[in-house]
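Trainee:
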Amino acid sequence: MVTPYILFNKQCEEAMRYYEEVFSGEKLTIQRYQDYIPEGVEEDVSNYVLHGEMELFGSPFTFADEFSIPFQVGNNVHLTVNPSDVEEAAAMFDALKEAGEVYLPPTKTFYSPFHGSVKDKYGIVWNMIVV
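As numbered in full-length UniProt numbering, residues 1 to 131 make up the sequence shown, in order.
1) From Glu101, Phe71, His78, pick the residue whose C-alpha is nearest to that of Trp126; which is it?
2) If contact is defined by three or more beta carbon pairs under 8 Å, each pair taking one atom from either stretch, is the region 8–25 in contact with the region 84–91?
3) Per DSSP, Gln31 forms a beta bridge with which residues?
4) Take the Cβ of Phe110 as the centre, count every other Cβ of all protein chains shown within 10 Å, and call the residue buried at 16 or more, exposed below.
5) Within the UniProt domain "PhnB-like" (2–128), note down every full alpha helix (DSSP H) run reaching 4 residues or more, in order along the chain.
6) Would you kindly check if the distance between the Cβ of Val102 and the Cβ of residue 132 is under 8 Å?
7) Can you find a CB in chain B that lies within less than 8 Å of the CB of Glu20?
8) Rounded to the nearest angstrom, how far is the Cβ of Phe63 from that of Val49, given a contact under 8 Å?
9) Would you report the Cα separation of Val2 and His115, rounded to the nearest angstrom?
10) State buried or exposed for Val130, treating a residue as buried only when at least 16 other CB atoms are found within 10 Å of its CB.
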């Protein structure tokens, strides 16, 4: 499954509530940054959205307030894929990073043994998250 990942600059919750109303969204969930502060971020981002989910038209959409890469309208829609294991994710990630740009090197997190983000040579940003 490929999931849209839509990023915002401190307006994520507002946008999610808007889309929930406009598109009759279902199963809205919001996880806030709280104790997780991204590297290099000095302002208090604890009340912003680290990860949000909602079902629109029967499909999952994910959302976040982004602080680790420069926000620019037009670069704020990414695609997320969920490879079945770390080896598969690493192979995909390595292929995409050729002539691309790594946004988040493969990282083990509290929610995944592998989370990486890379912009491919065509300008598409792919999030790889093993679940």
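Beta carbons are placed, not taken as given, at the ideal position from N, Cα and C, and that holds for glycine.
Mentor: To lay it out plainly:
1) For the purposes of this step, residue 126 is taken as the residue at position 126 of the sequence shown. The shortest Cα separation from Trp126 among Glu101, Phe71, His78 belongs to His78.
2) no
3) On the sequence shown, residue 31 is found 31 positions in, with the first residue counted as 1. His51.
4) Mapped onto the sequence shown, residue 110 falls at position 110. Answer is exposed; the Cβ neighbour count stays below 16.
5) 12–22, 86–97
6) Outside the shown range of the chain (1 to 131) lies residue 132, about which nothing can therefore be said.
7) This model lacks chain B altogether; it includes just one protein chain.
8) Locating residue 63 in the sequence shown gives position 63, where the first residue counts as 1. Locating residue 49 in the sequence shown gives position 49, where the first residue counts as 1. Contact flag correct, Cβ pair sits at about 6 Å.
9) Looking up residue 2 in the sequence shown gives position 2. Looking up residue 115 in the sequence shown gives position 115. Going by the C-alpha atoms only, they are around 15 Å apart.
10) To locate residue 130, count along the sequence shown from 1; it is residue 130. When all chains shown are included, Val130 counts as buried.
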